[in-house]
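So the structure is just underneath, and the comments pick up after that.
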C-alpha cells in the first residue's frame, strides 16, 4: 500500500498507474521523453528513501527497482516498449542484489579476518586454485561461482570460536580441539540464515569430511561428500601447510605437495588430488 501511495504521489496529471503483479507496478507516461521519464524515476527513488529514513514511520522499508523505455514513433509496438522497460528493471534489480550480496559478504569476511589468522590473501589463493580445479573437472559456471564463494567463506564458522583457541601458539588441548571441530556446523547455521549464503551452506558443513570417512562432523566418505567440499578440503590443506600460522612455520612447497599426494585416497579424493597435483606441478615449472 505504501509503495502504491508513493508512486501515486509522484504521478503527474494524466499519468496512468496500474498494478501488474503481486509487487509490480507499471506507469504509463503520455507525452514524456526519455529525460523526463528518468527524472520521474529519480523522484520515485528519492520518495522511497525519504519514507525509509523517516524515524516516525513504523511501516516496512520499501526497496524498489525501476526501469523505463520510451516509445518514439506512433507505429512502434507498445508491448515491445513495455518489454524493454521490464528488462531494464530486472537488470537493475540484479545489480542491486549483487551489490547487497557483496556488502554482506564483505562484512562477514572482515569479521573472519579480525577473529583469526585467515587473510584476504589466503582466500584469494584458494579462489584461484579452486577455480582451476573446477574448470579441469568441467564444472558448470554456476558451480564454479559457488566454489569461489566457498573458497572465501568455508571457515565462516570460526567467528563463533574463541579467538584465544584459534590463535593459540601451542598444541591444542582435547577440549580446545572439540571446540575447533564445531566450526563447520556453526558456519552451516550462519549460512542457512543468510539468503546469499544458503547455496554453499552444505559445502561449508562438509569441508572437513575425509574420503575415508574419518572426518567431521558427520563422518561422510567418498562421493557422499559434495564435490565442492572435496575440492576445498585439498586446496585448504595445501594453503594451510604453506602458510605461517601462530602454532607453526610454513612447510616448503615440495613437502606440502608430497603430503597432499600421500593422503590421496585416505584424506582426499584421488581424482581431485591428481588434478591438483598436475596444476601445481605445471605452475611450478
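Residue numbers (my numbering): 600 to 884. Every residue gets a Cβ at the ideal spot worked out from N, C-alpha and C, and that includes glycine.
request  = Pull up the DSSP beta-bridge partners for residue 626, would you.
outcome  = 616
Quiz item: DSSP on residue 652, reduced to helix/strand/coil?
Solution: helix
DSSP on residue 809, reduced to helix/strand/coil? coil
Residues bridged to residue 867 [DSSP beta-bridge criterion] = 863
I'd like the list of long-range same chain contacts for residue 815, defined as Cβ closer than 8 Å, with 5 residues on each side in sequence excluded. 780, 783, 807, 808
Output needed for residue 879: all residues of its chain with C-beta closer than 7 Å, excluding positions within five of it in sequence on either side, in chain order.
856
Report yes or no: do the region 768–775 and the region 736–754 share at least 3 C-beta pairs separated by less than 8 Å?
no
Quiz prompt | Coarse secondary structure for residue 844, derived from DSSP in three states | solution = strand
Curious, which full-length alpha helix (DSSP H) runs of at least 4 residues does the region 765–803 contain?
-> 773–779, 782–791
Checklist entry - By DSSP, does residue 737 sit in helix, in strand, or in coil? => result coil
Neighbourhood of residue 721 by C-beta distance below 7 Å, restricted to the same chain and skipping five residues each side: 838, 842
key: Span of the alpha helix (DSSP H), counted from its first residue to its last, around residue 605   = 601–609
Taking the C-alpha atoms as reference points, what is the distance between residue 650 and residue 617? 21 Å
**Asked** When the Cα atoms are used, what is the spatial distance from residue 868 to residue 821?
**Response** 7 Å
(message) For residue 836 and residue 805, what's the separation of their Cα atoms in angstroms?
(response) 14 Å
Note to self: Helix, strand or coil, according to DSSP, for residue 670 in the structure here?
What the structure shows: coil
Could you compute how far the alpha carbon of residue 711 sits from the alpha carbon of residue 778? 17 Å
Exercise. Would you call the CB atoms of residue 833 and residue 859 closer than 8 Å?
Worked result: yes
task = Look at the alpha carbon of residue 817 and the alpha carbon of residue 824, and state the distance between them as a whole number of angstroms.
result = 10 Å
Would you tell me roughly how many angstroms separate the C-alpha atoms of residue 801 and residue 787, rounded to the nearest one?
7 Å
* Asked: Do the CB positions of residue 626 and residue 647 come within less than 8 Å of each other?
  -> no
Near residue 607, which residues of its chain fall below 7 Å by C-beta distance, leaving aside the five closest residues on each side in sequence?
616
Is it true that the CB of residue 601 sits closer than 8 Å to the CB of residue 663? no
Do residue 745 and residue 827 have their CB atoms nearer than 8 Å? yes
| query | So is residue 677 buried or exposed if we call it buried at 16+ other beta carbons inside 10 Å? | reply | exposed
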